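Okay, so here's the structure we're looking at.
2 protein chains.
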Amino acid sequence: MTKPLRLGIARLGTVGIGVIKIIQNKKSLLEERTGRKILISAITAKSKTKKRGMDLSSYHWEKDPISLANRDDIDVFIELIGGHDGVAKEAVEVAINKGKDVVTANKALLAHHGHELALKAEKSGSILRFEAAVAGGIPVIKSLTEGLAGNSINRIIGVMNGTCNYILTRMESSGLSYEEVFSEANKLGYLEADPNLDIGGIDAAHKLSILSSIAFGTEVNFDGVELDGIDKITINDIHQAADMGFRIKLLGVSQMTSIGLEQRMSPCLVPSTSPLGQLEGGTNMVVIEGDQVGQIMLRGAGAGEGPTASAVLSDVADLARGIRLATFGQPAITLKKTASSKSQTPAPYYLRMLLHDEPGALAKITKILSQFNVSIDRMRQYGHEDENAPVLIVTHEIKHEDLMKAIQELPNTKVLKAQPVAIRVEAV
Amino acid sequence: MTKPLRLGIARLGTVGIGVIKIIQNKKSLLEERTGRKILISAITAKSKTKKRGMDLSSYHWEKDPISLANRDDIDVFIELIGGHDGVAKEAVEVAINKGKDVVTANKALLAHHGHELALKAEKSGSILRFEAAVAGGIPVIKSLTEGLAGNSINRIIGVMNGTCNYILTRMESSGLSYEEVFSEANKLGYLEADPNLDIGGIDAAHKLSILSSIAFGTEVNFDGVELDGIDKITINDIHQAADMGFRIKLLGVSQMTSIGLEQRMSPCLVPSTSPLGQLEGGTNMVVIEGDQVGQIMLRGAGAGEGPTASAVLSDVADLARGIRLATFGQPAITLKKTASSKSQTPAPYYLRMLLHDEPGALAKITKILSQFNVSIDRMRQYGHEDENAPVLIVTHEIKHEDLMKAIQELPNTKVLKAQPVAIRVEAV
Numbered sequence: 000m001t002k003p004l005r006l007g008i009a010r011l012g013t014v015g016i017g018v019i020k021i022i023q024n025k026k027s028l029l030e031e032r033t034g035r036k037i038l039i040s041a042i043t044a045k046s047k048t049k050k051r052g053m054d055l056s057s058y059h060w061e062k063d064p065i066s067l068a069n070r071d072d073i074d075v076f077i078e079l080i081g082g083h084d085g086v087a088k089e090a091v092e093v094a095i096n097k098g099k100d101v102v103t104a105n106k107a108l109l110a111h112h113g114h115e116l117a118l119k120a121e122k123s124g125s126i127l128r129f130e131a132a133v134a135g136g137i138p139v140i141k142s143l144t145e146g147l148a149g150n151s152i153n154r155i156i157g158v159m160n161g162t163c164n165y166i167l168t169r170m171e172s173s174g175l176s177y178e179e180v181f182s183e184a185n186k187l188g189y190l191e192a193d194p195n196l197d198i199g200g201i202d203a204a205h206k207l208s209i210l211s212s213i214a215f216g217t218e219v220n221f222d223g224v225e226l227d228g229i230d231k232i233t234i235n236d237i238h239q240a241a242d243m244g245f246r247i248k249l250l251g252v253s254q255m256t257s258i259g260l261e262q263r264m265s266p267c268l269v270p271s272t273s274p275l276g277q278l279e280g281g282t283n284m285v286v287i288e289g290d291q292v293g294q295i296m297l298r299g300a301g302a303g304e305g306p307t308a309s310a311v312l313s314d315v316a317d318l319a320r321g322i323r324l325a326t327f328g329q330p331a332i333t334l335k336k337t338a339s340s341k342s343q344t345p346a347p348y349y350l351r352m353l354l355h356d357e358p359g360a361l362a363k364i365t366k367i368l369s370q371f372n373v374s375i376d377r378m379r380q381y382g383h384e385d386e387n388a389p390v391l392i393v394t395h396e397i398k399h400e401d402l403m404k405a406i407q408e409l410p411n412t413k414v415l416k417a418q419p420v421a422i423r424v425e426a427v
Numbered sequence: 000m001t002k003p004l005r006l007g008i009a010r011l012g013t014v015g016i017g018v019i020k021i022i023q024n025k026k027s028l029l030e031e032r033t034g035r036k037i038l039i040s041a042i043t044a045k046s047k048t049k050k051r052g053m054d055l056s057s058y059h060w061e062k063d064p065i066s067l068a069n070r071d072d073i074d075v076f077i078e079l080i081g082g083h084d085g086v087a088k089e090a091v092e093v094a095i096n097k098g099k100d101v102v103t104a105n106k107a108l109l110a111h112h113g114h115e116l117a118l119k120a121e122k123s124g125s126i127l128r129f130e131a132a133v134a135g136g137i138p139v140i141k142s143l144t145e146g147l148a149g150n151s152i153n154r155i156i157g158v159m160n161g162t163c164n165y166i167l168t169r170m171e172s173s174g175l176s177y178e179e180v181f182s183e184a185n186k187l188g189y190l191e192a193d194p195n196l197d198i199g200g201i202d203a204a205h206k207l208s209i210l211s212s213i214a215f216g217t218e219v220n221f222d223g224v225e226l227d228g229i230d231k232i233t234i235n236d237i238h239q240a241a242d243m244g245f246r247i248k249l250l251g252v253s254q255m256t257s258i259g260l261e262q263r264m265s266p267c268l269v270p271s272t273s274p275l276g277q278l279e280g281g282t283n284m285v286v287i288e289g290d291q292v293g294q295i296m297l298r299g300a301g302a303g304e305g306p307t308a309s310a311v312l313s314d315v316a317d318l319a320r321g322i323r324l325a326t327f328g329q330p331a332i333t334l335k336k337t338a339s340s341k342s343q344t345p346a347p348y349y350l351r352m353l354l355h356d357e358p359g360a361l362a363k364i365t366k367i368l369s370q371f372n373v374s375i376d377r378m379r380q381y382g383h384e385d386e387n388a389p390v391l392i393v394t395h396e397i398k399h400e401d402l403m404k405a406i407q408e409l410p411n412t413k414v415l416k417a418q419p420v421a422i423r424v425e426a427v
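Protein chains in written order, with numbering that gives the first Met the number 0: chain A, 0 to 427; chain B, 0 to 427.
Following this line, the structure appears as structure tokens:
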């Protein structure tokens with residue numbers, strides 16, 4: 000008879016409670032599936048006395064995550080603390096140094112210190128797993144690392160921040176402004192304590208950088224993600240994009256180019272009828288393009304107690320079954336450093352401008368655009384009642400660099416009423 | 000240094016060639032990812048002399064799959080022969096008895112003999128893997144067995160036969176009849192040698208029965224799948240369904256009910272705008288509903304050289320990495336026998352009838368329907384130029400049993416010109 004797998008769970012927020020519920024309620028199912036008993040040895044949380052609606056009395060209580068990571072009676076340290084520095088990192092390092100396996104939902108930790116932790120884990124013979132760190136309950140880490148192991152990956156595309164997708168789809172359905180929906184989401188508790196983690200695209204970029212490492216065999220390079228949040232998206236952009244058959248999504252895209260790894264996290268237009276275009280609310284989707292498999296799409300809830308706990312349990316079940324994989328799918332020492340390549344891949348762009356309503360204004364704009372090889376596919380001039388003329392352009396496939404040069408030059412026409420907004424159209 | 004993993008590949012059809020290409024072209028990638036060299040020791044095929052456009056001279060040639068399975072210099076027997084009896088089964092059994100691991104793409108073999116083979120594999124310490132048997136390159140076996148191990152599964156829904164989906168979507172886009180598109184698909188080589196495997200739903204039902212076993216911890220029960228093919232679907236059904244916002248898909252549904260496992264493979268209506276409704280051509284999708292994770296959707300190519308070889312390589316990489324799982328995710332001895340429960344779950348139905356165009360005909364029909372608790376949600380009577388009146392009904396949620404009784408009674412009205420056709424509307 001195999002020995003039980005003994006867990007230590009650090010922090011009892013939504014996910015921690017979800018994990019404990021599954022382990023309490025599905026004892027025999029988990030044992031049948033993994034061939035081992037899965038037990039909780041010890042737990043820790045900020046408050047010992049807080050009512051949590053469940054019986055925790057049979058678990059040892061530790062005063063802090065470090066002491067928990069140090070305990071001799073745990074095999075797996077489950078880190079649900081969050082934050083890329085401080086106690087989360089320290090406790091994970093203690094666990095690894097003691098040769099314990101670690102399961103974490105902490106994307107920030109992996110995005111910032113994943114490579115360093117992977118090296119340490121390999122040195123001590125520990126396993127570091129993190130299915131819950133990316134796209135909630137969708138088994139994307141497993142699918143990419145194991146299910147597509149025979150593929151060279153061409154591109155990864157993902158909608159991986161449910162809050163941003165909620166805000167964008169709610170703006171569209173309600174007609175409310177970004178500011179109004181933002182404050183609504185805040186009241187509903189959908190936003191991180193630092194909302195910029197969500198709306199600035201940082202949280203989603205953490206996830207993208209983790210997927211990139213596995214997909215392309217490169218060291219995690221979060222700083223190499225070109226970042227742009229959703230806070231400049233107006234309700235007009237959403238409506239005008241819809242008019243032209245598009246929806247706006249905070250899209251992560253990662254692909255290898257001839258000069259390095261291109262990682263972008265930014266609002267993009269995608270066809271309204273595409274699977275990515277149809278995502279509502281907090282739903283996540285990751286699209287993986289492999290040279291053998293073609294395009295695989297994985298869709299599901301990106302957050303929440305059940306989905307995130309499900310992902311944590313996937314890692315725990317793997318460890319119970321004796322599945323032991325290198326952190327990013329290959330030994331950390333073999334991961335390549337890569338130059339980050341900013342938006343090399345050409346694409347069409349959506350360009351929103353507000354012009355003075357005067358004769359020749361548009362001609363001045365199009366002249367500059369054509370000087371910088373920004374050729375126009377479609378253009379619309381919207382009706383208006385004041386002296387401002389809203390103009391909308393979708394370009395042909397162009398280089399981002401050219402577009403940026405053109406945008407820099409445009410103010411010299413003296414016909415702009417505001418800074419132009421450019422949004423990439425991603426082919427999906 | 001770990002020893003290389005040595006493969007024996009039985010049959011060199013499209014998939015076999017695809018597997019060899021990956022192993023030849025991605026040597027170092029596979030070694031980096033799995034930590035081992037993956038080598039081909041020996042191969043076999045029907046013809047040794049056939050031109051295959053690649054160098055096979057470094058592999059030992061065996062005269063038949065049985066001899067190949069018997070070789071001492073292979074660790075993994077890769078069965079790409081097909082068919083649920085005969086040499087495929089025999090060779091797999093030989094490999095298992097010799098303690099070798101087996102990777103197969105053979106859904107028929109697993110649907111008919113999966114339980115028996117799993118018992119044998121566990122006895123001899125062999126591993127039997129089959130990612131390629133279900134939904135081509137989509138890592139659905141892995142997602143279900145490992146990624147969702149912390150979930151009790153509520154329902155599985157899948158479009159898992161690309162040929163049927165091609166026929167149904169091609170009928171819609173071309174306006175051609177079932178017979179015309181069938182013969183087109185035949186000419187294009189899309190159909191199995193016995194076309195009834197595709198259009199009769201048998202191939203897809205094989206796949207569904209395999210997923211059911213993993214999802215519900217039950218012995219594979221292919222005979223328990225309630226089967227209905229797509230050959231009775233007319234172009235009118237497709238157009239009329241579209242009129243009402245639906246598309247017709249050959250849908251596999253598996254769910255546990257109070258009286259046993261309900262497995263259905265039959266044409267169903269799904270909303271046109273749903274992810275399942277939007278599948279075109281050969282694309283497959285599997286929807287898994289877990290009590291923790293909610294609804295997960297996995298989409299990708301269901302067949303073809305690259306996708307299927309990708310799935311075979313996923314299993315090979317697992318074995319190279321030392322991942323050793325019970326065939327259906329838990330020891331075969333713990334799998335439960337289950338009574339098969341035919342269509343217990345109530346649903347709305349689409350009902351197509353052709354009536355004599357005479358006063359009171361429709362009243363006679365609706366009277367019978369209401370007698371059997373078949374209540375009508377929507378009804379349409381189509382324009383017609385002869386004495387036949389086409390009538391279309393979508394019912395409220397009803398029991399299949401009641402509908403069948405009503406349909407049996409309907410001919411007694413003497414107003415039917417043809418046997419009514421009923422198609423289930425599946426909530427997705």
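Backbone N, C-alpha and C fix where the C-beta goes; we use that ideal spot for every residue, glycine too. What you are looking at is a predicted structure, and each value in this text was computed from that prediction instead of being measured.
| said: The alpha helix (DSSP H) that contains His111 (chain A), what's its start and end? | reply: 106-123
**OP:** Show which residues of chain B have a CB atom less than 8 angstroms away from the CB atom of Gly82 (chain A).
**Re:** In chain order: nothing, as chain B lies at least about 25 angstroms away.
Practice task
Report the residues of the segment 272-283 of chain B with a CB closer than 7 angstroms to any CB of chain D, ordered along the chain.
Solution key: No chain D appears in the structure shown, which is made up of the protein chains A and B.
_For a test of the three-state rule: what should DSSP assign to Tyr58 (chain B), helix, strand or coil?_
coil
message: For Asn153 (chain B), would you say it is in contact with chain A, using Cβ-to-Cβ distances shorter than 8 angstroms as the test?
response: no
How long is the line joining the alpha carbons of Arg351 (chain A) and Ser182 (chain A), rounded to whole angstroms? 25 angstroms
Residues of chain A with CB closer than 8 angstroms to the CB of Thr333 (chain B), please, in chain order. Glu31
**Q.** Contacts of Ala308 (chain B) in chain A (Cβ-Cβ under 8 angstroms)
**A.** Gly149, Gln291
- Message: Counting only Cβ pairs nearer than 9 angstroms, list the residues of chain A close to Ala300 (chain B).
- Response: Val292, Gly293, Gln294, Ile295
- Nearest-angstrom Cα distance between Asp401 (chain A) and Phe371 (chain A)? 6 angstroms
Point to revise | Length at least 4, wholly inside the segment 206-264 of chain B: the alpha helix (DSSP H) runs in chain order | key: 234-242
**Message:** Considering just the uninterrupted stretch of the beta strand (DSSP E) at Val390 (chain A), what are its terminal residues?
**Reply:** 387-394
Would you call the segment 246-254 of chain A and the segment 403-418 of chain A in contact, with 3 or more CB pairs under 8 angstroms? no
Close Cβ partners of Asp376 (chain B) (< 7 angstroms) along its chain, the five nearest in sequence each way excluded: Pro347, Val393, Thr394, His395
inquiry  = Just to make sure I have the definition right: I need the residues of chain A whose C-beta is within less than 8 angstroms of the C-beta of Lys141 (chain B). Which are they?
reply    = Pro138, Lys141, Ser142, Glu145, Gly146
Review point. Under 8 angstroms between the Cβ atoms of Arg423 (chain B) and Ser273 (chain B)?
Key: no
Ile65 (chain B) and Val93 (chain B) closer than 8 angstroms at C-beta:
yes
Discussion item. Given this structure, state the Cα-to-Cα distance separating Ala300 (chain A) from Gly82 (chain A), to the nearest angstrom.
Written reply: 22 angstroms
For this session: Pair every Cβ in the segment 108-128 of chain B with every Cβ in the segment 2-17 of chain A, then say whether three or more of these pairs are closer than 8 angstroms.
Result: no
Report task. Using a Cβ cut-off of 9 angstroms, pull out every chain B residue sitting near Leu175 (chain A), in sequence order please. Result -> Chain B residues near Leu175 (chain A): none, gap ~24 angstroms exceeds 9 angstroms.
Does DSSP put Arg323 (chain A) in a helix, in a strand, or in coil? coil
| said: Using a Cβ-Cβ distance cut-off of 8 angstroms, determine whether Asp356 (chain B) contacts chain A. | reply: no
### Query
Quick one, which residues of the segment 317-347 of chain B are near chain A if we go by CB-CB under 8 angstroms, in chain order?
Asp317, Arg320, Gly321, Ile322, Arg323, Leu324, Ala325, Gly328, Gln329, Pro330, Thr333
Check your understanding: Do Ser212 (chain A) and Phe129 (chain A) have their C-beta atoms within less than 8 angstroms of each other?
Key -> no
Item to complete: Tell me, please, which residues DSSP counts as bridged to Thr333 (chain B).
Response: In DSSP, Thr333 (chain B) forms no bridge with anything.
Are the Cβ atoms of Ile95 (chain B) and Leu79 (chain B) separated by less than 8 angstroms? no
**OP:** Please report how far the alpha carbon of Asp227 (chain B) lies from the alpha carbon of Leu147 (chain A), in whole angstroms.
**Re:** 33 angstroms
Checklist entry - For the alpha helix (DSSP H) that Ser369 (chain A) lies in, which residues bound it at each end? => result 360-370
CB of Leu354 (chain B) within 8 angstroms of CB of Ala362 (chain B), strictly: no
Q | Residues of the segment 174-207 of chain B whose Cβ lies closer than 9 angstroms to any Cβ of chain A, in chain order | A | none
**Asked** How many Å lie between Glu31 (chain B) and Arg323 (chain A) at the Cα?
**Response** 15 angstroms
_Contact set for Gly157 (chain A): own chain, Cβ-Cβ below 6 angstroms, skip 5 residues either direction_ = Gly251, Val285
Is the CB of Gly305 (chain B) under 8 angstroms away from at least one CB in chain A? yes
| Where DSSP assigns a beta bridge to Asn283 (chain A), which residues make up the other side? | A:Gly299
**Asked** Should Pro410 (chain A) go down as buried or exposed, given a rule of 16 or more other Cβ atoms within 10 Å for buried?
**Response** exposed
Q: Check the DSSP bridge columns for Glu78 (chain A) and list the partner residues they point to.
A: A:Ala9, A:Thr103
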